[in-house]
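S.K.: In full-length UniProt numbering, the protein residues as written are 1 to 322.
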Amino acid sequence: MDHHQSFQTIFVSIIILILSSNNIVIKAQLSPTFYDTTCPNALATIRTSIRTAVSRQRRMAALLIRLHFHDCFVQGCDASILLSDPATTERTAQSNTGVGGYEVIDAAKSAVENICPGIVSCADILTVAARDASVAVGGPSWSVSLGRRDSPAANRRLADTDLPTADQDLPSLIRDFDAKGLNERDMVALSGSHTIGQSRCVAFRARIYSNGSDIDANFANTRRRNCPENRGDGNGNLAPLDLVTPNSFDNNYFRNLVQRRGLLQSDQVLFSGGSSDSIVLEYTNNPARFASDFAAAMVKMSEIEPLTGANGSIRTTCSVAN
């Protein structure tokens with residue numbers, strides 16, 4: 001090795017070391033103990049708000065988990081979906097139709113502001129709320145790393161392009177999740193959140209009137225009763241994503257898929273002769289593995305491109321940029 005090669009090798013090693021160090025710093029900025037000294041009662045306060053909201057309306061658990069998912073897939077987990085500026089809001093994007101729970105996050109934020117003004121971000125509150133919502137309906141719990149900051153702006157364009165849709169096929173779903181650093185197992189586990197909640201007729205109409213071989217005929221007939229074939233009629237009519245136990249977090253969603261009773265096309269493609277079939281069968285037979293993988297995937301998703309350190313801000317009101 002000549003002196004030039006030796007210098008190059010040393011230089012490259014230094015660059016790699018610097019990049020590695022930066023990654024460690026970024027990771028270290030998210031911590032489960034982030035508010036332990038600045039707002040020690042933050043998590044208990046959020047938990048009380050979420051329990052109250054879910055006890056009033058059981059479906060709220062699904063809405064909060066979905067709200068967190070739809071936030072993280074656009075610009076990362078930065079609370080951008082909560083901003084309501086009409087010019088840029090993500091809320092009115094086609095993929096966010098039917099998303100709800102905003103007022104619950106606002107209430108939790110208000111409760112936290114009362115005890116610790118200007119300390120806890122909306123992004124962290126939304127992340128913790130998703131975990132607490134899961135627990136409130138019998139789902140798994142997990143440790144949430146904290147320290148996210150809030151985005152100053154939303155991105156309507158990205159909301160229209162980056163969020164998965166109800167009619168996607170398996171390869172495109174895998175690509176969309178992979179783009180966010182989530183693998184196929186993460187995708188199937190996160191889809192399992194459809195064990196709770198409901199969907200609108202407009203999202204599943206094409207599937208229940210398709211007469212395809214991938215849908216159980218009796219299931220399709222049952223769903224047609226509240227979802228007319230004519231476009232525009234009953235678009236907002238709701239049906240449970242899990243017909244069996246729509247208000248309890250369990251693995252019946254995957255049992256439905258095996259029986260060709262997935263409500264959305266993007267649900268059923270997870271069990272349609274493709275690469276994810278084996279994961280669906282595993283979760284059907286092993287609910288504990290599903291719960292464990294769901295918790296791990298939620299943690300992974302919650303750490304997509306967070307704003308930390310000097311980036312972003314701590315919003316006083318979640319729907320309005322500072």
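We put the CB at the ideal spot given by N, CA and C, even for glycine.
Would you mind reading off the limits of the beta strand (DSSP E) that contains Pro171?
M.R.: The residue you call residue 171 lines up with position 171 of the sequence shown. Bounds of any beta strand (DSSP E) do not take in Pro171; it lies within the alpha helix (DSSP H) bounded by Leu170 to Asp178.
S.K.: Identify which residue in Ser191, Ala44, Ala53 and Asp267 has its Cα closest to the Cα of Ala291.
M.R.: Within the sequence shown, residue 291 is the residue found at index 291, counting from 1. With distances taken between Cα atoms, Ala291 lies closest to Ser191.
S.K.: Measure the alpha-carbon distance for Arg157 versus Gln198 and round it to whole angstroms.
M.R.: Counted from its first residue, the sequence shown places residue 157 at position 157. Counted from its first residue, the sequence shown places residue 198 at position 198. If I take the Cα positions, the gap works out to 26 Å.
S.K.: Run through the DSSP bridge pairs and tell me what Pro228 is partnered with.
M.R.: Walking along the sequence shown from the start, residue 228 turns up at place 228. The partner list for Pro228 (beta bridge, DSSP) is empty, contrary to what the question assumes.
S.K.: Report the three-state DSSP secondary structure of Pro140 (helix, strand or coil).
M.R.: On the sequence shown, position 140 is the one that residue 140 refers to. Pro140: coil per DSSP, three-state reduction.
S.K.: Do Leu173 and Gly274 count as a contact pair if the criterion is CB distance below 7 Å?
M.R.: Here residue 274 corresponds to residue number 274 of the sequence shown, with the count starting at 1. Here residue 173 corresponds to residue number 173 of the sequence shown, with the count starting at 1. No, the Cβ-Cβ distance between Gly274 and Leu173 is not below 7 Å.
S.K.: Going by CA-CA distance only, name the one from Gly181, Val244, Ile208 and Ser278 that's closest to Lys300.
M.R.: Translated into the one-based positions of the sequence shown, residue 300 becomes position 300. If we check each option's Cα against that of Lys300, Gly181 comes out closest.
S.K.: Please list the terminal residues of the continuous beta strand (DSSP E) segment that includes Gln57.
M.R.: As a first step, residue 57 is located in the sequence shown; it is residue number 57 there, counting from the start. Where Gln57 is concerned, there is no enclosing beta strand (DSSP E), given that its DSSP letter is neither H nor E.
S.K.: How is Leu146 classed by DSSP in three states: helix, strand or coil?
M.R.: In the sequence shown, residue 146 corresponds to position 146, counting from 1. In the structure shown, Leu146 sits in a strand (DSSP, three-state: E or B).
S.K.: Quick one: give me the first and last residue of the alpha helix (DSSP H) that Ser278 is part of.
M.R.: What you label residue 278 is simply residue 278 of the sequence shown in a count that begins at 1. Looking at the DSSP string, the run of the alpha helix (DSSP H) that includes Ser278 is Asp277 to Asn285.
S.K.: Just list the residues that DSSP pairs Ser239 with in beta bridges.
M.R.: Here residue 239 is taken as the residue at index 239 of the sequence shown, counted from 1. According to the sequence as given, residue 239 is Ala; it is not Ser. Per DSSP, Ser199.
S.K.: Pull up the distance between the alpha-carbon of Ser193 and that of Asn311, whole angstroms please.
M.R.: Within the sequence shown, numbered from 1, the residue matching residue 193 stands at position 193. Within the sequence shown, numbered from 1, the residue matching residue 311 stands at position 311. Taking the straight line from one Cα to the other gives about 31 Å.
S.K.: Going by DSSP, name the residue or residues bridged to Leu67.
M.R.: Here the question's residue 67 lines up with position 67 in the sequence shown. Per DSSP, none; premise fails for Leu67.
S.K.: Considering only their Cβ atoms, is the gap separating Arg207 from Gln265 smaller than 7 Å?
M.R.: Here residue 265 refers to the residue found at position 265 of the sequence shown. Here residue 207 refers to the residue found at position 207 of the sequence shown. In this structure, Gln265 places its C-beta atom within 7 Å of the C-beta atom of Arg207.
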